[in-house]
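A short worksheet on the structure shown next.
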Amino acid sequence: MSISFDLINSLDNFVTKAAQSVDEFGQEFDPQTRSADERFGDFQANGVLPFAKKMGKNPRELAQKLIDALPASEDWSVKIAGPGFINFTLSPEYLLKWICTHGSTDNLKASAKDKENSKVVIDYSSPNTAKQMHVGHIRSTIIGESLARILAFQGNEILRDNHLGDWGTQFGILLFAIKEQGISLDDLGDDPIARLEDLYRQGNARIKEDENALVGARQELVKLQDGDEENLKLWEKIRDISMSSFLKIYDLLDVHFDHSLGESFYRDKVDGIYEELGKHKICQEDDGALVVFHPEHKRFAKQPFIIRKSDGASNYATTDLATLGYREKEWQAEQIIYVTDGRQRDHFEQLFLTAKKWFIAEERKLPTLAHVWFGTILGDDNKAIKTRDGQPVKLIDLLEEAIRRAADMVRQKNANLSDEEVQRRAKVIGLGAVKYADLSQDRTLDYVFSWDKMLAMQGNTAPYLQYAVARISSIFRKMERSSDGPFNEARPPQSDAERKLSRKLLFFPIALKQATRELKPHFLCTYLYELATDFSSFYNLEKVMVDDPEVRDLRLLLCSSTQSVLQTGLSLLGIETLEEM
Ligand code: ARG
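First residue of the sequence shown? That's 14 in my numbering, and the numbers climb one at a time after it.
Below, the structure written as structure tokens:
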């Protein structure tokens, strides 16, 4: 067997082929290969058991037949275990060959490229303009960016689109407040976005207490939507102010979009939606509004998807339909991934159902649609995180605090560093910690935000992984060797610790695949953490600075490859590493 990157895939093919030559199996057998607990082997094909059950046959006998049909290989040994599991144990030579073939940073990158790639739009971050980004937007930004990197790494073409909420009722209120107070947008003080947010809040209070203000705000919105020059100018200015405050955050997080079209971009494309959905009778009038029901769905048979409000205005649903149509038509998107809060699940379910009917009726090919949703970040009190005075936490404040706290850590460890170097390291550590704390949880769960936990040097944290990388750098520095090798003398792994670490390196593609399949970066985090732990046990047990060149080269190779996988994996999470910590 050639040295394939993803061993599950090639073992799966291998077993499938063998099964096809055995009468009892026929064509529909799925080997279900996965990585195995080390007590049993390296990989395990579990498919015989369910298959035998379905066929009413004895699983052990079937497993034996399958093993007999497998061509002999020098690369692994194979055994039946339990009621009919097939276990593969890779040969030490094979482990070494895999690491030499795929284990460097460049080779990982080349090997991970999949031939079957597609054009993927990732719709993430997407804050509303005229407001500051608060902590709620961090999850979309961080998870979306990580998925973009994971998919790009495997050869997909990615379009990052920041679908700004820049066209909605908030502007009526804001414009009203600006005009009523006679404010100039050129003169908003040193925190213009905070000032805008205040104005909006004041406007909102005004329309609640005063009927005339409400009418005024509505009029401003209608004027804006009808293209009134003054209001459009103000709106543009608000968009610019918002964008520059978002950019500060995106620069810090190293997140960069290909497009920031936003809802406003689609404002002249909504009529086409009413027309097409109407023509195909997908939508209907209901109390003056235009809505879509899905009779085949338990809830959405009665709960309408409103695509035009009774006052004739378009809404979130309309723009999302127009956006989807545009992405398919203009960008030829084959897959669209939306990253938002779990509270928008109904919206996206209804959107996807509606889009499916619309595309079928129009004989268009619907891209694969995925709603990647996430839970809430909680404070110590287990409620959505807030500042002490009950306000949403501003994202910029949170990121700056992360850097400040990391700077304290760095200074404590290295008293003699220049301020500049402290800042540089603090950014990598602090922002890495915030990102990793978010990504390492199953995104569908809520999690409690804790500075102490995320900045801890022990446990499943970014600093722990970054430290493993820095530690490996220091090994190479001490030995005056390059982490790029060559490690020509390396012999195959023999000791338990060498073997354990080697096989863990081979599991990187599996974690990558799982994170991709489920669009959940935490699978990658869990893997990286286990790898770092295995490295730590290896390094505690085995000396690297030994005289025997074969042993030394193998151990250095394992250090180097561990470092490459950790760095590569972290970069897919948007996290940088350091030579020294
Ligand atoms: N602006 C929305 C919000 O802040 C998120 C938009 C998500 N993307 C989309 N195509 N609906 O909740």
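Just so you know, even glycine gets a beta-carbon here, dropped at the ideal spot from N, CA and C.
Separation of residue j from residue i, as counted between CA atoms
i      : j      : result
Tyr279 : Leu237 : 15 Å
Glu268 : Leu583 : Before going on, a small fix: residue 268 reads as Val here, not Glu. Roughly 15 Å between the two C-alpha positions.
Leu266 : Asp432 : 21 Å
Thr367 : Asp359 : 12 Å
Val61  : Pro72  : 6 Å
Gln507 : Arg52  : 16 Å
Leu12  : Tyr480 : Shown here, the chain extends from 14 to 594; a query on residue 12 therefore has no answer.
Met68  : Ala503 : 48 Å
Asn501 : Ser495 : 13 Å
Asn553 : Thr546 : 11 Å
Gln363 : Leu571 : 50 Å
Val133 : Gly168 : 11 Å
Ala207 : Met422 : 31 Å
Asp50  : Thr102 : 11 Å
Lys396 : Asp402 : 14 Å
His115 : Leu121 : 5 Å
Gly355 : Leu532 : 15 Å
Arg252 : Pro205 : 12 Å
Thr575 : Ile156 : 24 Å
Lys448 : Glu347 : 28 Å
Glu413 : Ser486 : 28 Å
Val482 : Asp497 : 14 Å
Asn371 : Glu343 : Here the sequence assigns Trp to residue 371, which means Asn is not the residue at that position. Taking the straight line joining both Cα atoms gives about 17 Å.
Gly229 : Asp284 : 26 Å
Leu567 : Leu337 : 52 Å
Phe489 : Lys92  : 39 Å
Val8   : Leu408 : With the chain represented from 14 up to 594, any question about residue 8 goes unanswered, as that position is not in the structure.
Leu227 : Ile350 : 37 Å
Integer Cβ distance of residue i from residue j, believed to fall under 8 Å
i      : j      : result
Leu458 : Gly388 : 5 Å
Ala439 : Ala475 : Wrong, their Cβ atoms sit about 13 Å apart, outside the cutoff.
Glu170 : Asn130 : 7 Å
Ile262 : Asn217 : About 24 Å separates the two Cβ atoms, so there is no contact after all.
Ile319 : Ala302 : 5 Å
Ala143 : Gln194 : Contact flag wrong, Cβ pair sits at about 15 Å.
As assigned by DSSP and simplified to three states, the class of residue i
i      : result
Leu532 : coil
His269 : coil
Gln57  : strand
His384 : strand
Pro348 : As written in the sequence, residue 348 is Gln, which differs from the Pro given in the question. Note: Gln348 maps to strand in three-state DSSP.
Val406 : coil
Asn100 : strand
Phe318 : strand
Leu198 : coil
Asn217 : helix
Phe494 : As written in the sequence, residue 494 is Arg, which differs from the Phe given in the question. If DSSP states are grouped into helix, strand and coil, Arg494 belongs with coil.
Lys311 : coil
Ala94  : strand
Val564 : helix
Start and end residues, alpha helix (DSSP H) containing residue i
i      : result
Trp464 : Trp464 to Met467
Ile155 : Gly149 to Phe166
Val283 : Val283 to Lys292
Ile135 : Ile135 -> not in any alpha helix (DSSP H); beta strand (DSSP E) instead, spanning Lys132 to Asp136.
Thr474 : No alpha helix (DSSP H) holds Thr474; DSSP gives it neither H nor E.
Asn22  : Leu20 to Gln33
Arg47  : Note, Arg47: premise wrong, no alpha helix (DSSP H); beta strand (DSSP E) at Thr46 to Ser48.
Gly451 : One point to set straight first is that residue 451 is Asp, not Gly, in the sequence displayed. Note, Asp451: alpha helix (DSSP H), Asp432 to Leu452.
Gln183 : Thr182 to Glu193
Candidates the options: closest to residue i by CA position
i      : options                           : result
Ser255 : Pro140, Glu511 and Phe166         : Pro140
Arg512 : Val578, Glu210 and Leu108         : Leu108
Ala82  : Glu129, Thr29, Lys440 and Ser131  : Thr29
Gly95  : Gln576, Ala76 and Ile262          : Ala76
Ser17  : Ala125, Ile93, Ser117 and Lys66   : Ala125
Asp211 : Asp199, Asn225, Ile191 and Ala226 : Ile191
Gln45  : Lys370, Ile93, Phe98 and Thr114   : Phe98
Glu243 : Phe189, Glu375, Leu585 and Ser138 : Phe189
Ala524 : Thr539, Ser515 and Ile319         : Thr539
Ile398 : Ile488, Ile21, Gly285 and Tyr460  : Tyr460
Val557 : Tyr339, Ser573 and Tyr542         : Ser573
Val578 : Asp179, Leu518, Gln194 and Gly472 : Leu518
Pro380 : Leu334, Gln357 and Ala420         : Leu334
heavy atom of the ligand NAP below 7 Å from residue i C-beta
i      : result
Asp127 : Summarising the ligand content, the structure contains the ligand ARG and does not contain the ligand NAP.
Bounding residues of the beta strand (DSSP E) (the contiguous stretch that carries residue i)
i      : result
Asn3   : The chain is shown only over 14 to 594; residue 3 falls outside these bounds and no answer can be derived.
Asp394 : Per DSSP, Asp394 belongs to no beta strand (DSSP E) and is neither H nor E.
Arg173 : Glu170 to Asp174
Leu303 : Ala302 to Val305
Glu224 : Run containing Glu224: none in the beta strand (DSSP E); it sits in the alpha helix (DSSP H), Glu224 to Gln238.
Cβ of residue i within 8 Å of any chain D Cβ
i      : result
Ser584 : The question asks about chain D, but that chain is absent: this structure has only one protein chain.
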